[in-house]
Amino acid sequence: MASRVQQHWLTFSRMWLLCDARWQPAPELAKRICKYLEGRHKPVYHPLTDCGDHVVVINTKEVAFDKNQWEKKLYAVNTGYKNTMIAMSAKDFHRMDPTKVVEREVYSELPKNLQRKNLMTRLHLFPDENIPDNIKQNLVDIIPPVMEPPKRLDEFTEEEKASWPRFFIPPADYKPSD
Amino acid sequence: MFLTLARYARSPPPDKWWKRRYVYNNTWRFWGRHRNCYKIAIQSMQHAWRAAKRGRREKKRFVRGLWIERLRAASEEHGLSYQHLVVGLDMAQVQLDRKVLSHLAIYEPKTFKSIVEIARISYGEGLMAATGKQPEGVSLGSCTGTRGSFKGDLWSYCKCRNVRGGLMFAVFAMTTSPRT
Chain A
1 MASRVQQHWL TFSRMWLLCD ARWQPAPELA KRICKYLEGR HKPVYHPLTD
51 CGDHVVVINT KEVAFDKNQW EKKLYAVNTG YKNTMIAMSA KDFHRMDPTK
101 VVEREVYSEL PKNLQRKNLM TRLHLFPDEN IPDNIKQNLV DIIPPVMEPP
151 KRLDEFTEEE KASWPRFFIP PADYKPSD
Chain B
1 MFLTLARYAR SPPPDKWWKR RYVYNNTWRF WGRHRNCYKI AIQSMQHAWR
51 AAKRGRREKK RFVRGLWIER LRAASEEHGL SYQHLVVGLD MAQVQLDRKV
101 LSHLAIYEPK TFKSIVEIAR ISYGEGLMAA TGKQPEGVSL GSCTGTRGSF
151 KGDLWSYCKC RNVRGGLMFA VFAMTTSPRT
């Protein structure tokens, strides 16, 4: 049994959480990650208390956007002088560095104050499933996904395909036209 | 009283020193000439008082939002949303406010867990009562006595559950129910 002082320390200890970005919508994923970075999942949350956790995001290479957002969404930088804005579509931005889209989405989703850069240092992004061992040994929990990634047709078994409900059962002499 | 010219001439002018002393007592912590020069000091004092009055109201809003934020986090740890927690406790006639509940969530986590269980059972039980079914498993003792007057319609549901807001609240509670 830990003493009262040790329990107090454990209240504000940082946890390392794993998040899988495979086929997750980027803006919703960023909101979910921000909740854990700021510590909004704890009953002791306060905006001035630094009680957030570390978040390790894997598979950022396979993050998703809906509709035509890969072409439409622009990530821009501006030096402040005239005609210096450089805009890049999300597709090109992702091709340049597969962790940049998630980083930029989380950065824009966090509260705009002096703590933002400190919180961003606790976000660890990896394009695939390979994590360094010094980070892997810290992981304690998994963040629930925003949405379940859908299954491809070749991942279904034959039994599941056969038991799938059908809207229309063709007659025996049915011949589909070419 | 300055009833005559002679009295008016003898009467000394009002002392400005104490009037200014009062302003400087309120502005001694300000920066630069805001504490020394009377004209600037009284303006910044009035500005500070206006901000303080505004802040007294904003503080209440902020603290209530913080309680709600903490309760959301605490109830989602036990798999119940904030909305279901509040509605469930209201239906169970548990009159703990958000301040007390958030303090319980921090300092008495096991007590808070049992409160969440009450809210979960009460929320599901109320919806079952509206549909004319009985819940399985644990039942709340305080609600068992009043369930007998339920006849299957909304009016008797409001009556037996002692629902505040009457019919419209019952309709709201039924339409926002999870389809189980």
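Protein sequence lines, in the order shown, are assigned to chains A and B.
In terms of the UniProt record's numbering, the first sequence is residues 1 to 178.
In terms of the UniProt record's numbering, the second sequence is residues 1 to 180.
In this text, a Cβ means the ideal position worked out from N, Cα and C, and glycines have one as well.
Range of the contiguous alpha helix (DSSP H) that encloses His47 (chain B): Tyr38 to Glu77
Contact residues within the stretch 39 to 60 of chain A, judged by C-beta distance below 9 Å to chain B: Gly39, Arg40, His41, Lys42, Pro43, Val44, Tyr45, His46 and Pro47
Beta carbon of Gln69 (chain A) nearer than 8 Å to that of Ala87 (chain A): no
Burial state of Met45 (chain B) (16 or more Cβ within 10 Å): buried
Own chain residues within Cβ distance below 7 Å of Pro145 (chain A), not counting five before or after: Asp20 and Gln24
is_contact[Arg70 (chain B), chain A] using C-beta, thresh 8 Å: yes
Coarse secondary structure for Met96 (chain A), derived from DSSP in three states: helix
For Asp173 (chain A), the three-state DSSP class (helix, strand or coil): coil
Minimum Cβ-Cβ distance from Ala92 (chain B) to chain A less than 8 Å: no
Exposure of Glu108 (chain B), with buried meaning 16 or more beta-carbon neighbours within 10 Å: exposed
Beta-carbon spacing of Tyr24 (chain B), Ala51 (chain B) below 8 Å: no
Any chain A beta carbon closer than 8 Å to Ser81 (chain B): no
Stretch pair the stretch 151 to 170 of chain A + the stretch 42 to 61 of chain A: three plus CB contacts closer than 8 Å: no
Neighbourhood of Val101 (chain A) by C-beta distance below 8 Å, restricted to the same chain and skipping five residues each side: Ala26, Thr60, Val63, Tyr75, Ala90, Phe93 and His94
Against chain A: residues of the stretch 105 to 119 of chain B by CB proximity under 9 Å: Ala105, Ile106, Pro109 and Phe112
Complete beta strand (DSSP E) runs within the stretch 119 to 160 of chain A (minimum length 3 residues, chain order): 123 to 125 and 139 to 142
Own chain, CB closer than 7 Å to Leu139 (chain A), minus 5 neighbours either side, in chain order: Trp16, Leu18 and Val56
Coarse secondary structure for Ala6 (chain B), derived from DSSP in three states: helix
Residue-chain proximity (Ser102 (chain B), chain A), Cβ-Cβ < 8 Å: yes
C-alpha gap between Ser108 (chain A) and Gly55 (chain B), whole angstroms: 28 Å
Under 9 Å by beta carbon: chain A residues contacting Leu66 (chain B): Tyr45, His46 and Pro47
Opposing strand residues paired with Tyr82 (chain B) [DSSP bridges]: Beta-bridge pairing links Tyr82 (chain B) to no other residue.
Contact with chain A by Ala52 (chain B), beta-carbon distance below 8 Å: no
Chain-order list of residues whose beta-carbon lies under 8 Å from that of Ile118 (chain B) (same chain, five-residue window excluded): Gly88, Leu89, Ala92, Val94 and Leu140
Environment of Lys73 (chain A) [buried if 16+ CB atoms lie within 10 Å]: buried
Per DSSP, cross-strand counterpart(s) of Leu17 (chain A): A:Val55 and A:Asp141
Short CB-CB distance (under 8 Å) between Ala73 (chain B) and chain A: yes
Distance between Arg120 (chain B) and Arg147 (chain B) (C-alpha atoms, nearest Å): Summary for Arg147 (chain B): the model assigns pLDDT 46, below 50, so the residue's position carries little reliability; its value from the coordinates is reported in the next sentence. Their Cα atoms are separated by approximately 18 Å.
Reduced DSSP category for Ser92 (chain B) - H, G, I as helix; E, B as strand; rest coil: Note on residue identity: the sequence assigns Ala, not Ser, to residue 92 (chain B). It is coil, neither helix nor strand.
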